[in-house]
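In the numbering used here, the protein residues as written are -6 to 245.
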């Protein structure tokens, strides 16, 4: 048996083990409202898959959170580059980034909900959670350019564009890749949490909130499984794409 086949077999075995634990726990508790059985959750999941509103909610949630992720990534990169180029700018911006990093996600969501439409809060919450991670990682990458290479660039009078292309971008890319890996999961969790709190139109978080309110435990567990599956698919896809882009960044 090949290594991949063994890994796959082990994964299936672990999955079946935890399904068995779940089934036994549901039988012991014997209250489907608290812990529904795996077959009941599967039936609820198949029921969701038959509805058009489910796909609309998934598409809307993924789309808005992805926009927030992209916006936060772009802003983080821009702030990092400007803080490296302009020392005063970095001095002013760094405390604000630290404050955003230290603020709990729930607090950010509630503050945004006071002043903005509930339909865009999940996107902005995801963006704000991403900015500090990308900013700090890219800034660290820009600061990691070896001094000897900077001296060579100075001796040969490299232009700014040449320094950027040959020194700073290669140095920052692995850090950028590592930052994206960390930011992706956080953006997804922050976006879904914001949806649960804000209950925007047609979203997974709103469906999750409704299932909790009406004590539809099977649907609640099914939606949680969907959130996890979507998270894994999005993460694997984007990390693969970034790995190709960064050429070796996956080693970070």
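Beta carbons: idealized from backbone N, C-alpha and C, even for Gly.
Item                                                                                                                                                      : Value
Could you tell me the distance, in whole angstroms, from the CA atom of residue 87 to the CA atom of residue 185?                                         : 27 Å
Does the structure place the stretch 38 to 54 close enough to the stretch 205 to 216 that three or more beta carbon pairs sit under 8 Å?                  : yes
On the three-state DSSP scale, how would you describe residue 154?                                                                                        : helix
Kindly indicate the opening and closing residues of the alpha helix (DSSP H) around residue 138.                                                          : No alpha helix (DSSP H) contains residue 138, which DSSP labels as neither H nor E.
My assumption, with CB atoms under 8 Å, is that residue 102 sits in contact with residue 118. Please give the rounded CB distance.                        : 5 Å
Can you check the stretch 28 to 59 for any alpha helix (DSSP H) of at least 4 residues that lies completely inside it and give the ranges in chain order? : 31 to 42
In the DSSP assignment, the alpha helix (DSSP H) including residue 9 goes from what residue to what residue?                                              : -4 to 22
Closer than 7 Å, CB to CB, is residue 81 near chain B or not?                                                                                             : Checking the listed chains, one finds no chain B in this structure; it contains a single protein chain.
Does the separation of the CB atoms of residue 135 and residue 94 fall below 7 Å?                                                                         : no
In whole angstroms, what is the alpha-carbon distance linking residue 11 and residue 34?                                                                  : 14 Å
Would you check if the distance between the CB atom of residue 66 and the CB atom of residue 127 is smaller than 7 Å?                                     : yes
Cβ of residue 29 within 7 Å of Cβ of residue 16?                                                                                                          : no
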